[in-house]
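Residue numbers (our numbering), protein chains in the order written: chain A, 1 to 459; chain B, 1 to 206. Where is the CB? At the ideal position from N, CA and C, for every residue including glycine.
Printed below as a string of structure tokens:
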């Protein structure tokens with residue numbers, strides 16, 4: 001029988017069937033952060049339960065910590081940070097806190113530490129856990145009650161998803177990045193288009209990507225509703241597994257972590273790589289995107305009254321007018337960071353644009369490396385100098401920062417942000433804040449000109 | 001507010017919330033997430049839709065209007081609950097008195113979170129959802145009834161089936177604690193673990 005990579009991963013982790021139709025699946029590795037785990041620990045304790053296998057968990061501080069200084073966090077974030085550390089100590093769980101050289105955004109540090117290998121099943125109380133599919137591992141986000149469930153049982157109750165394949169044919173053109181590819185997929189499939197599906201990304205444009213690019217693709221797959229994202233293991237994956245602190249400790253053998261050649265998918269999409277241009281979002285859902293050379297949609301582009309109303313609402317929130325050219329959108333802030341785009345490769349791409357150029361007057365530009373290791377490496381490569389000379393603020397601490405503004409990096413009402421992040425929801429970066437998603441290089445280019453601009457004009 | 005036991009019938013005023021892609025940042029803005037308990041989240045629920053910048057109720061928002069201010073059921077747009085995994089969104093909705101959302105499909109993590117907290121999410125066709133939106137908006141008394149075990153929704157003249165997977169339905173009806181229930185299978189978990197090679201046992205360096 002032919003199987004998809006997804007089915008192989010589920011089958012390899014199935015503990016048993018349950019009478020109500022669910023199955024129990026085994027969680028090899030579980031990551032927790034400071035804001036979605038407190039009630040899981042207290043819930044478990046209130047039931048008199050213990051952590052099933054403490055060494056299979058990692059806790060890391062990333063969501064609420066300030067990134068602008070090494071100074072003590074404010075009282076509110078301290079509450080969550082201390083709670084995480086105390087729970088970790090009490091239950092014998094590894095804790096990568098502030099000041100630890102291994103600290104950073106969950107989905108940036110796990111690959112850096114060699115904690116993801118093909119064939120693994122990874123859960124985390126964070127929706128962007130789909131990132132690990134880049135390694136041929138099954139990663140997915142869970143809620144706090146499920147965090148408790150994993151802590152106490154090392155398993156989850158699970159229902160098999162349907163399988164979708166998205167193929168990006170051919171090659172992309174110069175200036176088009178992994179971020180543009182996944183934004184195109186979200187635009188084509190829709191924000192809820194993959195609800196109930198595990199999505200495998202295939203095609204030569206995907207194969208050509210390095211691991212950072214593949215992580216960006218799988219990371220943002222949750223924005224189309226995918227509960228899991230996968231890319232078949234190849235020599236690029238294998239090469240990325242070496243040289244980390246946990247390397248050679250783990251191997252999940254017994255299967256080839258690729259879909260069988262004749263595996264059947266419930267749904268297929270095919271997109272031409274050559275047709276993808278650098279994209280920006282104009283609205284308040286990640287699927288509301290256009291090419292940087294295009295205009296903001298107008299009511300004439302839509303048929304249904306519901307779609308026209310949605311357009312009107314988005315444009316009103318975003319402070320844009322129908323038909324306005326994308327490149328006429330002026331920005332207040334440029335933000336490079338997040339689990340989607342804060343890896344060393346992302347910083348290099350942005351630095352290429354910034355070298356020898358200056359951030360436009362009146363634009364506040366911030367870069368938050370995804371991890372302490374990324375920051376140290378970037379500084380050693382001279383990237384910090386390039387960012388700072390251009391007028392970017394280089395943050396000394398790693399974290400999610402302005403992606404979701406749970407720390408003190410909050411955009412003001414009406415403030416317009418060119419952002420290398422993953423969500424342009426209403427209020428995401430601050431109440432009334434206006435987010436335009438794009439690649440890190442596009443953020444750098446927008447910072448230089450003061451408005452959204454085609455990065456291809458910079459090369 | 002520990003109302004985990006789902007009655008087999010949920011009955012109450014239904015409010016129309018037709019926007020598509022209502023995400024969990026909108027359901028529970030980040031400023032309410034700095035907490036280590038599950039309590040006190042009712043005020044934060046839909047906060048930016050319910051209140052203006054100075055904390056006054058927005059009179060135009062559906063849940064601020066009579067009779068929908070007492071809504072126990074929401075009729076929602078496509079892909080409700082997308083985005084962040086924050087279970088705080090579901091805790092807050094329950095604390096606000098919401099017992100069910102009827103929609104055409106929900107984001108996966110939100111769906112699972114809802115089940116854990118006794119928030120029912122019946123799935124209907126677009127046609128039925130649109131009829132229910134109209135009913136909730138226009139009926140004199142927009143009362144909707146959801147029968148979980150027969151999987152039927154009744155609203156005035158409307159009577160329609162809904163989808164809900166068996167495990168979720170069982171869990172809602174029994175008000176079961178999944179963690180405790182799973183521990184009944186502890187020996188199966190031990191057996192699975194003992195079949196794993198050493199290289200398949202993750203041990204994180206402290």
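Whose Cβ in chain B lies nearer than 7 Å to the Cβ of residue i?
{"i": "residue 16 of chain A", "result": "185, 188"}
{"i": "residue 285 of chain A", "result": "21"}
{"i": "residue 35 of chain A", "result": "33"}
{"i": "residue 22 of chain A", "result": "167"}
{"i": "residue 126 of chain A", "result": "85"}
{"i": "residue 38 of chain A", "result": "36"}
Strictly below 8 Å CB to CB, what residues from chain B border residue i?
{"i": "residue 216 of chain A", "result": "Residues of chain B passing the Cβ test: none, with the nearest at roughly 18 Å."}
{"i": "residue 64 of chain A", "result": "34"}
{"i": "residue 142 of chain A", "result": "85, 109, 112"}
{"i": "residue 227 of chain A", "result": "108, 109"}
{"i": "residue 47 of chain A", "result": "177, 179, 180"}
{"i": "residue 94 of chain A", "result": "204, 205, 206"}
{"i": "residue 76 of chain A", "result": "34"}
Along the chain, where does the alpha helix (DSSP H) that runs through residue i open and close?
{"i": "residue 218 of chain A", "result": "211-220"}
{"i": "residue 126 of chain B", "result": "126-138"}
{"i": "residue 388 of chain A", "result": "383-390"}
{"i": "residue 201 of chain A", "result": "Unbroken run through residue 201 of chain A is the beta strand (DSSP E), 197-202; no alpha helix (DSSP H)."}
{"i": "residue 37 of chain A", "result": "No alpha helix (DSSP H) contains residue 37 of chain A, which DSSP labels as neither H nor E."}
{"i": "residue 108 of chain B", "result": "108-116"}
{"i": "residue 236 of chain A", "result": "235-240"}
{"i": "residue 93 of chain B", "result": "88-95"}
By the three-class DSSP mapping on this structure, what secondary structure does residue i have?
{"i": "residue 107 of chain A", "result": "helix"}
{"i": "residue 86 of chain A", "result": "helix"}
{"i": "residue 398 of chain A", "result": "coil"}
{"i": "residue 403 of chain A", "result": "helix"}
{"i": "residue 53 of chain A", "result": "coil"}
{"i": "residue 78 of chain B", "result": "coil"}
{"i": "residue 436 of chain A", "result": "strand"}
{"i": "residue 416 of chain A", "result": "strand"}
{"i": "residue 32 of chain A", "result": "strand"}
{"i": "residue 158 of chain B", "result": "strand"}
{"i": "residue 393 of chain A", "result": "strand"}
{"i": "residue 444 of chain A", "result": "helix"}
{"i": "residue 302 of chain A", "result": "coil"}
{"i": "residue 123 of chain A", "result": "strand"}
Cβ closer than 9 Å: which chain B residues qualify as neighbours of residue i?
{"i": "residue 83 of chain A", "result": "36"}
{"i": "residue 452 of chain A", "result": "Ordered by position in chain B, no residue passes the 9 Å Cβ test against residue 452 of chain A, which lies about 22 Å from the chain."}
{"i": "residue 55 of chain A", "result": "201, 202, 203, 204, 206"}
So residue i contacts chain A; which residues on that side make the cut at Cβ distance below 8 Å?
{"i": "residue 134 of chain B", "result": "Neighbours of residue 134 of chain B on chain A: none; closest Cβ ~13 Å, over 8 Å."}
{"i": "residue 163 of chain B", "result": "Simply none; closest approach about 11 Å."}
{"i": "residue 150 of chain B", "result": "Ordered by position in chain A, no residue passes the 8 Å Cβ test against residue 150 of chain B, which lies about 18 Å from the chain."}
Buried or exposed: residue i, going by 16 or more other Cβ atoms within 10 Å of its Cβ?
{"i": "residue 300 of chain A", "result": "exposed"}
{"i": "residue 53 of chain B", "result": "exposed"}
{"i": "residue 346 of chain A", "result": "buried"}
{"i": "residue 227 of chain A", "result": "buried"}
{"i": "residue 370 of chain A", "result": "buried"}
{"i": "residue 117 of chain B", "result": "buried"}
{"i": "residue 314 of chain A", "result": "buried"}
{"i": "residue 376 of chain A", "result": "exposed"}
{"i": "residue 196 of chain B", "result": "exposed"}
{"i": "residue 138 of chain A", "result": "buried"}
{"i": "residue 6 of chain B", "result": "Any reading at residue 6 of chain B must be qualified, since the residue scores a pLDDT of 49, below 50, and its modelled position is unreliable; no value is offered."}
{"i": "residue 186 of chain B", "result": "exposed"}
{"i": "residue 63 of chain A", "result": "buried"}
{"i": "residue 125 of chain A", "result": "buried"}
Could you give the residue range of the beta strand (DSSP E) that holds residue i?
{"i": "residue 10 of chain A", "result": "From DSSP, residue 10 of chain A is part of no beta strand (DSSP E) but of the alpha helix (DSSP H) over 5-13."}
{"i": "residue 228 of chain A", "result": "228-231"}
{"i": "residue 155 of chain A", "result": "155-158"}
{"i": "residue 305 of chain A", "result": "First-last for residue 305 of chain A: 305-318, but that is the alpha helix (DSSP H), not the beta strand (DSSP E)."}
{"i": "residue 57 of chain A", "result": "57-60"}
{"i": "residue 12 of chain B", "result": "9-17"}
{"i": "residue 96 of chain A", "result": "94-96"}
{"i": "residue 169 of chain A", "result": "162-169"}
So with CB distances below 7 Å, who are the chain A contacts of residue i?
{"i": "residue 192 of chain B", "result": "15, 26"}
* **chain B contacts from the stretch 303-318 of chain A (Cβ-Cβ distance under 8 Å)** => 306, 310, 313
* Residues from the stretch 143-164 of chain A in contact with chain B, defined by Cβ distance under 7 Å -> 143, 144, 145, 146, 148, 149, 152, 153, 154, 155, 157, 159
* To do: Check distances from the C-beta atoms of the stretch 119-145 of chain B to those of chain A and list, in chain order, the residues that come in under 8 Å.
  => none
* Contact set between the stretch 403-431 of chain A and chain B, restricted to residues whose Cβ is under 8 Å from the partner -> 404, 405, 406, 413, 423, 425, 426, 427, 428, 431
* **Against chain B: residues of the stretch 237-262 of chain A by CB proximity under 8 Å** => 245, 246, 249, 250, 251, 252, 253
* Asked: Which residues, taken in chain order from the stretch 37-66 of chain B, show a beta carbon closer than 8 Å to some beta carbon of chain A?
  -> 37, 38, 48, 53
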